[in-house]
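Asks: Okay, here's the structure, questions in a sec.
Numbering (the numbering used here), first residue to last: 356 to 413.
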């Protein structure tokens, strides 16, 4: 029998923590968009599909 539990927590970050969280989120968003752009260009220009593993190797 599998029992799955989940917990929900509300964060109450300080102003400094909020700024750091926002910076981290912005960096993640930028990185995601960069990799997405690479995949789109590879598909359009080279008619090939890049995997996440291939992108991480470069």
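Note that CB positions come from ideal geometry on N, CA and C, so glycine has one too.
1) Quick one, which of 384, 382, 393 has its alpha-carbon nearest residue 409's?
2) For the putative contact between residue 397 and residue 405, defined by C-beta atoms under 8 Å, what is the C-beta separation to the nearest angstrom?
3) Quick check: residue 368 and residue 380, are their CB atoms within less than 8 Å of each other?
4) Between which two residues does the alpha helix (DSSP H) harbouring residue 391 extend?
Replies: This is what the structure gives:
1) 393
2) 5 Å
3) no
4) 370-401
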